[in-house]
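Step one of this worksheet: look at the structure below.
In my numbering, the protein residues as written are 746 to 822.
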């Protein structure tokens, strides 16, 4: 089983990531002078979509690991 301290660090890291991402969206919208109503609507939508995007990213990584494309070459320096 996962130690509690590790789970707490994982959760803290994830909450920090979500917080910084939402603050970034907010600041970007303020800088672009987006309509305040759109800013208010965009924050909760971004919060929900962020979780969906995280799941999709994880699925893409697993797909790339399990079935790597044959015509894709990684250039190593």
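Beta carbons are placed, not taken as given, at the ideal position from N, Cα and C, and that holds for glycine.
| Query | Result |
| --- | --- |
| C-beta atoms of residue 771 and residue 784 nearer than 8 Å | yes |
| Residue 746 - DSSP class collapsed to helix/strand/coil | coil |
| Residue 806 versus residue 812: straight-line alpha-carbon distance, rounded | 10 Å |
| Where residue 793 falls: helix, strand or coil (DSSP) | helix |
| Distance between residue 767 and residue 756 (C-alpha atoms, nearest Å) | 17 Å |
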